[in-house]
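A short write-up of the structure that comes next.
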Amino acid sequence: MTQTYNTYNWHPAISEWMQMVEQDDVVSCKEQKQLMTYIRQRLKADNVVIKNDVLDTAIATAERYFYTLYPFQRFIYAFVFAVFEIDEDGDEQLMFNDYFIYAGRGFGKNGILSCMIFECTTANHGIDQYNIDIIATSEDQAKTSFEDIHNMLENNKKQMKNVYQWNLEYIKHRRNGSTIKYKTSNARTKDGGRPGAVAFDEEHAYEDYQNYTVHTSGLGKKRHPRRFHLTTDGYVRGSVLDDRKILAQAVLNGEKPNSRMLPFICKLDNDEEVNDPKNWPKANPMILYYKPLRTEIHQHWEEAQASSEVMVEFMTKRMNRPSQDPTTVAVKWGDIEATNQPFPELEKATCVGAIDFADVRDFCAVGLMFKKDGKYYFKHHTFICAESMKITKFKFPIHEAVEKGLATIIQDNYIDESYPLQWFMEQAKDYRIINIATDSFRFKSLKNEFEEAGAPLVQVRSGPYSHNRLSSMVDKLFASHSIVFGDDMMMRWYCNNVAVKFDNRGEKTYIKIEPKTRKTDGFFALLHALMLDEELPESREFKLFDAYTY
Numbered sequence: 001m002t003q004t005y006n007t008y009n010w011h012p013a014i015s016e017w018m019q020m021v022e023q024d025d026v027v028s029c030k031e032q033k034q035l036m037t038y039i040r041q042r043l044k045a046d047n048v049v050i051k052n053d054v055l056d057t058a059i060a061t062a063e064r065y066f067y068t069l070y071p072f073q074r075f076i077y078a079f080v081f082a083v084f085e086i087d088e089d090g091d092e093q094l095m096f097n098d099y100f101i102y103a104g105r106g107f108g109k110n111g112i113l114s115c116m117i118f119e120c121t122t123a124n125h126g127i128d129q130y131n132i133d134i135i136a137t138s139e140d141q142a143k144t145s146f147e148d149i150h151n152m153l154e155n156n157k158k159q160m161k162n163v164y165q166w167n168l169e170y171i172k173h174r175r176n177g178s179t180i181k182y183k184t185s186n187a188r189t190k191d192g193g194r195p196g197a198v199a200f201d202e203e204h205a206y207e208d209y210q211n212y213t214v215h216t217s218g219l220g221k222k223r224h225p226r227r228f229h230l231t232t233d234g235y236v237r238g239s240v241l242d243d244r245k246i247l248a249q250a251v252l253n254g255e256k257p258n259s260r261m262l263p264f265i266c267k268l269d270n271d272e273e274v275n276d277p278k279n280w281p282k283a284n285p286m287i288l289y290y291k292p293l294r295t296e297i298h299q300h301w302e303e304a305q306a307s308s309e310v311m312v313e314f315m316t317k318r319m320n321r322p323s324q325d326p327t328t329v330a331v332k333w334g335d336i337e338a339t340n341q342p343f344p345e346l347e348k349a350t351c352v353g354a355i356d357f358a359d360v361r362d363f364c365a366v367g368l369m370f371k372k373d374g375k376y377y378f379k380h381h382t383f384i385c386a387e388s389m390k391i392t393k394f395k396f397p398i399h400e401a402v403e404k405g406l407a408t409i410i411q412d413n414y415i416d417e418s419y420p421l422q423w424f425m426e427q428a429k430d431y432r433i434i435n436i437a438t439d440s441f442r443f444k445s446l447k448n449e450f451e452e453a454g455a456p457l458v459q460v461r462s463g464p465y466s467h468n469r470l471s472s473m474v475d476k477l478f479a480s481h482s483i484v485f486g487d488d489m490m491m492r493w494y495c496n497n498v499a500v501k502f503d504n505r506g507e508k509t510y511i512k513i514e515p516k517t518r519k520t521d522g523f524f525a526l527l528h529a530l531m532l533d534e535e536l537p538e539s540r541e542f543k544l545f546d547a548y549t550y
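To convert, note that position 381 of the sequence shown is 381 in the UniProt record's numbering; the numbers rise steadily by one, no gaps.
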């Protein structure tokens with residue numbers, strides 16, 4: 001039954017979209033409905049101020065120089081420019097200053113970003129030297145909204161030449177000095193500056209926070225700082241976008257009632273909804289208003305049904321339902337996330353070890369595997385040659401893994417065999433290691449070191465033979481959530497980088513999804529350990545009984 005609300009007393013830009021969602025005049029996702037409940041609560045506060053005249057002028061500027069705004073766009077506009085709270089000192093603060101706009105491809109993210117960025121430079125906005133940086137991982141993407149504004153100025157040169165100066169590098173308001181620039185996300189060459197606002201275009205491409213923090217570090221030096229995050233979903237898991245989605249959900253759930261984030265989320269509620277095109281506006285309300293987009297998405301859907309690869313893109317980019325091709329990915333991301341379970345008490349428990357160490361100038365992954373109560377626990381560590389980091393920019397926050405104790409960077413041009421040995425010797429103080437597995441690539445060079453130290457080492461087969469032997473076990477362990485890494489971001493990364501290749505006989509081989517910047521060493525160390533499964537007994541707790549003498 002539709003819930004009815006009687007009050008829509010705010011500016012029409014707020015009330016119209018809110019009423020459409022709440023009264024089911026448009027099909028919308030769970031998060032849109034949650035947003036309206038959240039917004040309604042925030043707007044009830046006595047310290048809220050809505051500047052109707054500022055909003056009217058901002059919308060009029062957008063529609064005069066860019067395009068007519070649709071109800072959902074006007075709703076966003078209201079909270080970017082016109083809704084304030086009076087703080088305890090009597091000062092106006094933006095109710096929201098962190099705008100997370102997450103919607104399917106074709107939503108018009110760059111279009112509305114262009115309008116909003118331009119508005120931030122105007123007299124109506126009213127803040128001098130309010131500079132805006134547009135950030136993306138590629139120059140072409142970073143330039144998209146900048147070029148929209150540049151082209152608008154060129155098309156209105158007679159009116160604009162006395163108000164703005166512009167070239168292909170910056171756009172500047174002549175009187176108030178507010179400037180728009182675009183930048184690529186290269187943390188090594190950019191500093192935070194003094195921006196009033198920072199816009200991150202297609203944030204799904206960010207592998208870590210290094211580039212994000214360097215561009216936001218200068219915020220707060222100008223009044224009413226803003227962050228814009230506009231993105232579809234993508235293929236990077238466990239990083240910036242996934243974290244932002246978790247934070248957004250916490251806001252919508254009411255867990256952060258005073259948050260400055262506006263989470264405007266558009267997505268399907270479940271994968272099955274894709275089969276009915278009537279649900280598609282949940283992921284992209286622009287479908288309701290723009291016929292060429294509807295036509296294009298229907299054509300994309302037809303192509304997706306004939307290709308699993310295109311279907312992955314359609315679900316991930318069009319419907320904001322992150323997807324992987326089940327015929328090529330080794331482990332689904334949801335099953336990888338499920339490895340983040342706590343370890344039980346394992347002190348003095350029996351375990352087997354494993355080493356994956358193909359190249360002394362690259363990565364060396366080591367680990368211990370335990371069995372307890374029907375689950376497999378894998379404790380991992382990685383040694384990384386510093387030289388390899390100079391040669392390759394790995395798509396993973398390695399320094400964060402080091403800080404968490406998951407990795408060690410070896411400041412040399414190779415990894416000596418003594419490093420994995422010493423790790424196992426240290427672990428042997430706490431656990432009973434009955435055997436250690438490695439493959440033929442490094443067995444001979446490791447053997448002497450381990451024998452001299454009295455440490456066990458056995459060579460196990462790798463490649464198609466072992467992969468076929470273990471594939472059913474691997475599938476079952478991950479699907480049943482019976483493999484546990486603890487909170488190990490590096491093992492999650494390793495597993496997410498593995499694909500399955502089938503030969504003409506249908507036999508499986510595990511391979512890297514991308515050979516240079518995505519590593520798999522920890523996953524293959526796990527496979528080596530599983531080859532010793534028959535040697536590994538289940539760890540049990542021993543109950544000590546009181547002794548009596550008669």
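Ideal Cβ placement from N, Cα and C applies to all residues, glycine included. Please read all numbers here as calculations on a predicted model, not as lab measurements.
- Inclusion of Phe370 and Ser539 in the CB contact set at 8 Å is warranted, their separation being smaller than that value.
- Judged by beta-carbon spacing, Ile180 lies within the 8 Å limit of Phe146, meaning their Cβ atoms are closer than that value.
- Cβ-Cβ separation between Leu113 and Phe228: approximately 6 Å, consistent with a contact (criterion under 8 Å).
- In the three-state scheme derived from DSSP, where H, G and I count as helix and E and B as strand, Ala199 is classed as strand.
- C-alpha of Gln427 to C-alpha of Gly367: approximately 10 Å in a straight line.
- Shortest Cα-Cα distance from Arg294 to any of Lys278, Glu309, Ser307, Gln305 involves Lys278.
- For His381, the uninterrupted beta strand (DSSP E) segment begins and ends at 375 to 385.
- Burial state of Lys508 is buried, judged by a 10 Å Cβ sphere holding 16 or more other Cβ atoms.
- The criterion of a C-beta distance shorter than 8 Å is not satisfied by His528 and Ala407.
- By the criterion of a C-beta distance shorter than 6 Å, Ile127 is surrounded in its chain by Arg223, once the five residues flanking it on both sides are discounted.
- Restricted to the stretch 103 to 139, the alpha helix (DSSP H) segments that are unbroken, complete and at least 4 residues in length are 109 to 119, listed in chain order.
- Sorting Tyr494, Ala354, Phe363 by C-alpha distance to the C-alpha of Ile434 places Ala354 at the top.
- In this chain, Trp166 is not harboured by any alpha helix (DSSP H); it is covered by the beta strand (DSSP E) spanning 164 to 166.
- Comparing alpha carbon positions, the residue from Arg174, Val27, Pro515 closest to Thr392 is Pro515.
- According to DSSP, Asn435 shares a beta bridge with Val352.
- Proximity of the stretch 232 to 251 to the stretch 14 to 25 falls short of the contact definition, fewer than three beta-carbon pairs being nearer than 8 Å.
- Here Arg321 is buried. Its C-beta has 16 or more other C-beta atoms within 10 Å.
- For a cut-off of 8 Å, the C-beta gap from Ile171 to Leu153 is around 7 Å, short enough to register as a contact.
- Within the stretch 63 to 94, the complete beta strand (DSSP E) segments at least 3 residues long are 83 to 86, 92 to 94, listed from N- to C-terminus.
- The beta carbon of Gln32 lies closer than 6 Å to those of Val21 in the same chain, with the five residues before and after it left out.
- For Met20, the secondary structure class from DSSP, reduced to helix, strand or coil, is helix.
- If you ignore the 5 residues before and after Val251, its C-beta comes within less than 8 Å of the C-beta of Tyr38, Ser259, Met261, Pro263, all in its own chain and listed in chain order.
- Residues of the same chain with a CB within less than 8 Å of the CB of Met36, apart from the 5 flanking positions on each side, are Met18, Val21, Glu22 in chain order.
- Leaving aside the five residues that flank Ala349 on each side, the residues in its chain whose CB is nearer than 8 Å to its CB run, in chain order, Phe370, Lys372, Tyr431, Arg432, Ser539.
- For Thr295, the uninterrupted alpha helix (DSSP H) run begins and ends at 291 to 304, by DSSP.
- Each residue's CA atom was taken as its position, placing Val458 and Lys390 some 33 Å apart.
- Between Ser440 and the set Val26, Ser466, Ala455, the nearest pair of CA atoms involves Ser466.
- A Cβ-Cβ distance of about 25 Å is found for the pair Cys120 and Ala45, leaving them out of contact under the 8 Å criterion.
- Straight through space, the alpha carbons of Glu92 and Ser388 are spaced by roughly 51 Å.
- Judged by DSSP in its simplified three-state form, Pro257 adopts coil rather than helix or strand.
- Where Cys266 is concerned, there is no enclosing alpha helix (DSSP H), because DSSP gives it neither an H nor an E.
- DSSP lists Asp133 as the bridge partner or partners of Lys181.
- Counting C-beta pairs with one atom in each stretch, the stretch 482 to 501 and the stretch 302 to 322 have fewer than three that are closer than 8 Å, which means they do not touch.
- Under the three-state reduction of DSSP output, Ile149 falls in the helix class.
- Rounded to whole angstroms, Ile134 and Glu203 show a C-alpha spacing of 12 Å.
- His125 is positioned such that its CB atom lies no closer than 8 Å to that of Leu55.
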